[in-house]
Structures are given as structure tokens and as C-alpha cells.
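Numbering (full-length UniProt numbering), first residue to last: 1 to 272.
Glycine residues also receive a C-beta, built at the ideal position from the N, C-alpha and C atoms.
Structure first, commentary second.
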């Protein structure tokens with residue numbers, strides 16, 4: 001059995017015998033990640049499954065983990081939670097209040113509790129530079145790609161498809177566009193989102209805060225990512241596993257889930 005894992009300490013590949021038990025999977029992951037107490041999440045975002053140590057005697061192959069990406073979620077003790085100043089935030093009926101919370105003042109990330117999925121919906125705030133669109137999109141990909149690389153890939157795509165990306169589409173000659181898009185001070189917008197959607201075969205939904213509307217690039221795709229546009233700046237919507245009451249996201253951005261199936265509309269409703 002071969003599977004990929006990601007944890008706060010990094011990512012890797014786990015290979016284990018088909019007859020291995022869940023206990024053996026936990027032991028192998030503990031050795032790789034140096035995390036003592038954790039649960040395992042896997043599956044699509046709208047159908048996430050959880051494996052806990054209480055399943056230790058079951059055979060791992062029955063969980064169909066081969067080829068999956070396992071998310072290692074550390075479990076905090078009550079002492080850890082108390083010392084971190086973790087405070088419950090509920091409505092009167094015990095459910096999440098549904099209001100956004102500024103949970104990380106250093107980054108400005110916005111957190112919305114999402115208890116139905118055992119985590120938090122986040123607005124990951126991008127650096128205030130001219131590459132925020134590219135940084136926001138690149139960080140959503142499984143293999144996170146930096147803005148500089150994305151700009152280069154766009155220029156190569158345009159050069160390889162002159163019949164598609166004409167002067168009429170780009171607003172300038174393809175040569176001038178390719179030269180300009182590689183400039184780190186060049187802003188990105190609708191044309192760039194459309195090209196990135198084509199390159200990566202993914203739908204990009206952009207919520208326009210000022211106009212209160214959703215712009216979609218790449219109809220008919222299987223997966224989507226979601227960006228938020230303020231009028232001058234792009235940020236990224238992401239999901240992170242978190243402890244109840246899910247108003248603090250303690251896992252690093254590298255462990256976010258930022259890709260959803262396009263038939264999972266709940267994330268669009270919850271965010272907008």
C-alpha cells in the first residue's frame with residue numbers, strides 16, 4: 001500500500017504492507033512526523049473520513065487508503081487548549097455562531113467555524129504586493145507553485161497557443177503580453193484567471209466583495225478553488241481541520257484544503 005501524507009512537519013510518501021493494521025499505519029506515521037497524538041483524515045472535502053487509534057486492530061487495506069492523501073491532524077490535550085487561551089464561541093443553541101473571527105492578528109486571516117466538517121473555513125490573506133492573485137492561486141494547488149513560476153508558465157502557454165491567445169484576447173500583442181506578465185509588478189485579473197484555469201484544468205471562482213457577485217472562470221471542470229477579490233487585492237479561501245469550537249485554526253497553511261469538487265456548493269454558500 002502506498003499513500004501520501006501531509007502534516008505540520010511536512011509531506012511524504014508512506015509505503016506499508018497490504019496486511020498492515022491501522023496500529024502499524026499510526027506507528028509508521030508517528031515515526032515519520034514525530035507527532036505523538038493525532039487522527040487521520042482522508043477522502044473528498046464533502047465526504048471526509050476519519051481514522052482514529054481506536055481502529056488500531058482493523059486491517060488498513062479495508063479503508064482503501066492506497067493512492068489517498070492522508071492529512072495528519074494533531075490532537076491537543078485539555079492542558080494544551082487551556083494554556084493557549086482557547087475559548088469556546090457558541091450560539092445559544094450550542095451550534096456555531098457563523099460569524100467571522102479574526103483569529104490570527106499577525107496575518108489577518110479570517111476564520112469561520114465549520115463544525116459540520118470538523119474544521120474552519122478560512123480567508124488566507126495574501127501579501128500586499130502586485131502578485132497577490134498569483135500567490136493566492138498558486139497556494140491553492142496541491143503542489144504549491146510560486147507566483148514567479150506561474151507567470152513563466154502563462155507566458156509559455158501563450159507562446160505555444162498563438163491561435164488561441166491573440167491580440168484581440170490579450171489586449172496587446174502576445175509578445176508584449178508575455179514580456180509584461182513576467183514582470184513581478186504586473187497585476188493580474190480576469191484574463192490571467194482564465195489562462196490559469198486552462199493551464200491547470202480547474203475552475204476558479206472569484207467572489208467580488210464590492211459587487212457582491214461571483215465570477216467563474218472555467219465552466220465544466222471537476223474541481224474548483226475560490227479566491228476573494230476586494231477591488232484591488234486577491235486572497236484565498238481554504239479549509240483547515242481544527243478543534244471545537246473551530247474558531248482557531250492552528251495548523252499551518254501548507255495543510256489547508258483549498259480545492260473542492262465543483263458539485264460541492266456548500267463552501268460557496270458558506271463563504272458568500
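Residue i versus residue j: straight-line alpha-carbon distance, rounded
| i | j | result |
| --- | --- | --- |
| residue 115 | residue 171 | 45 Å |
| residue 36 | residue 201 | 38 Å |
| residue 253 | residue 126 | 11 Å |
| residue 44 | residue 14 | 19 Å |
| residue 135 | residue 145 | 8 Å |
| residue 177 | residue 162 | 12 Å |
| residue 11 | residue 143 | 11 Å |
| residue 181 | residue 217 | 19 Å |
| residue 99 | residue 18 | Here residue 99 scores only 47 on pLDDT, less than 50, and its place in the model should not be relied on; the value that follows carries that caveat. About 45 Å. |
| residue 48 | residue 238 | 15 Å |
| residue 152 | residue 158 | 10 Å |
| residue 81 | residue 222 | Caution applies to residue 81, whose pLDDT of 31 falls short of 50 and renders its modelled position unreliable; the value that the coordinates give is listed next. Straight-line Cα distance between these residues: approximately 38 Å. |
| residue 155 | residue 210 | 30 Å |
Proximity of residue i and residue j at Cβ, strictly below 8 Å
| i | j | result |
| --- | --- | --- |
| residue 75 | residue 5 | no |
| residue 119 | residue 236 | no |
| residue 268 | residue 205 | yes |
| residue 52 | residue 21 | no |
| residue 65 | residue 1 | yes |
| residue 121 | residue 109 | no |
| residue 128 | residue 147 | no |
Residues bridged to residue i (per DSSP)
| i | result |
| --- | --- |
| residue 207 | 214, 228 |
| residue 36 | Partner(s): none; residue 36 has no beta bridge. |
| residue 124 | 236 |
| residue 259 | Its beta-bridge partners do not exist; DSSP assigns none. |
| residue 329 | The first residue shown for the chain is 1 and the last is 272, placing residue 329 beyond what the model contains. |
CB contact below 8 Å: residue i versus chain C
| i | result |
| --- | --- |
| residue 59 | Any reference to chain C falls outside this structure, which holds one protein chain only. |
Distance cut-off 7 Å: residue i Cβ against heavy atoms of the ligand ATP
| i | result |
| --- | --- |
| residue 139 | Ligands in the displayed structure: none, and consequently the ligand ATP is not present. |
Inter-stretch contact (C-beta, 8 Å, three-pair minimum) for the stretch 244 to 257 and the stretch 222 to 233
Verdict: no, contact absent.
Which ranges does the alpha helix (DSSP H) cover as unbroken runs of at least 4 residues, wholly within the stretch 159 to 192, from first to last along the chain?
167 to 170, 174 to 181
Segment contact, 8 Å Cβ cut-off, at least three pairs: the stretch 194 to 209 with the stretch 151 to 171
yes
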